[in-house]
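What follows is a set of notes on a single structure, which appears directly below.
Numbering (this note's numbering), first residue to last: 46 to 334.
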């Protein structure tokens with residue numbers, strides 16, 4: 046068993062078929078099939094169950110897969126390290142919460158792009174849960190997420206501390222008057238949003254459980270619905286003014302224990318830090334308040 050065998054095995058497992066793996070690896074299907082059979086003979090156990098619909102991992106294959114994935118990423122990092130001449134260049138994919146992108150990243154990204162024009166920067170947005178998974182699975186090199194994050198494979202550093210607030214329609218004088226209503230709705234992003242989870246926790250502490258959810262795909266849609274009186278949400282207070290005009294929604298401040306939250310930049314501990322990422326981290330640290 047060598048790295049080439051594991052690379053072929055991982056491609057077949059990820060893509061679900063010998064033909065698809067052959068296309069990705071720029072070889073023929075018969076070669077992929079033969080190499081998989083040789084690997085199974087060497088390990089003395091089947092790694093795939095074959096059917097007319099493709100292949101599925103056996104129990105032994107599932108146990109082998111994490112090691113094959115690690116080998117693939119290690120080889121990719123080795124290639125990137127050799128190709129990295131020290132000057133920031135090439136692709137760099139970063140993830141971010143939508144709120145962080147809207148509130149904090151424009152000046153940072155402008156500075157970075159101006160200083161390092163040879164870097165092909167891509168920004169992807171998502172929820173904290175989605176972004177953590179993206180980092181773990183090497184889909185992004187790092188991401189801005191809502192803390193705390195405690196994962197043995199991730200390194201996290203605090204970028205900024207945000208103050209969260211409950212946002213309602215302008216006519217709402219206090220949150221307490223809403224809590225007494227039986228039709229309270231919270232307007233949130235999809236599951237995995239850390240602000241959504243914190244808002245639900247805050248309401249439970251105030252005796253409100255099972256509030257109805259209105260899910261939307263963007264922050265703009267959420268704020269528009271809150272402004273129209275359809276429900277309440279929880280977002281960084283600093284968004285009001287710089288991103289959305291004052292008076293569009295009412296801001297209801299919270300105790301520090303509920304309001305303060307750290308925005309973190311996370312990355313894999315074991316992943317190669319390219320010159321492009323190192324330069325980006327330097328810009329992040331310089332921009333930190």
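Just so you know, even glycine gets a beta-carbon here, dropped at the ideal spot from N, CA and C. These numbers come from a predicted model, not from an experiment.
Is the distance from the Cβ of residue i to the Cβ of residue j below 8 Å?
i           : j           : result
residue 147 : residue 311 : no
residue 137 : residue 110 : no
residue 151 : residue 191 : no
residue 251 : residue 224 : yes
residue 209 : residue 281 : yes
residue 131 : residue 319 : no
residue 55  : residue 117 : yes
residue 317 : residue 122 : yes
residue 164 : residue 187 : no
residue 207 : residue 234 : no
residue 158 : residue 169 : no
residue 180 : residue 297 : no
residue 243 : residue 279 : yes
Secondary structure at residue i, three-state DSSP: helix, strand or coil?
i           : result
residue 191 : strand
residue 163 : coil
residue 145 : helix
residue 319 : coil
residue 196 : coil
residue 236 : coil
residue 151 : helix
residue 111 : helix
residue 106 : helix
residue 118 : helix
residue 230 : strand
residue 271 : helix
residue 93  : strand
residue 325 : helix
residue 251 : coil
residue 307 : strand
residue 293 : coil
Can you tell me the Cα-Cα spacing of residue i and residue j, whole angstroms?
i           : j           : result
residue 304 : residue 144 : 15 Å
residue 236 : residue 79  : 43 Å
residue 114 : residue 51  : 8 Å
residue 245 : residue 98  : 43 Å
residue 65  : residue 273 : 49 Å
residue 295 : residue 230 : 16 Å
residue 171 : residue 70  : 30 Å
residue 262 : residue 270 : 12 Å
residue 68  : residue 85  : 21 Å
residue 103 : residue 83  : 16 Å
residue 329 : residue 228 : 42 Å
residue 291 : residue 241 : 23 Å
residue 322 : residue 129 : 11 Å
residue 258 : residue 277 : 10 Å
residue 334 : residue 302 : 21 Å
Using 8 Å for Cβ pairs, my map puts residue i next to residue j. What's the rounded Cβ distance?
i           : j           : result
residue 275 : residue 232 : 6 Å
residue 105 : residue 92  : 6 Å
residue 189 : residue 141 : 4 Å
residue 161 : residue 324 : 6 Å
residue 289 : residue 268 : 6 Å
residue 77  : residue 53  : 6 Å
Closest to residue i by CA distance: which of the options is it?
i           : options               : result
residue 195 : 291, 173, 205 and 206 : 173
residue 198 : 189, 183 and 204      : 183
residue 120 : 72, 315 and 206       : 315
residue 204 : 298, 308 and 220      : 308
residue 327 : 216, 129, 133 and 125 : 133
residue 149 : 283, 126 and 300      : 283
residue 293 : 215, 330 and 129      : 215
residue 108 : 61, 63 and 90         : 90
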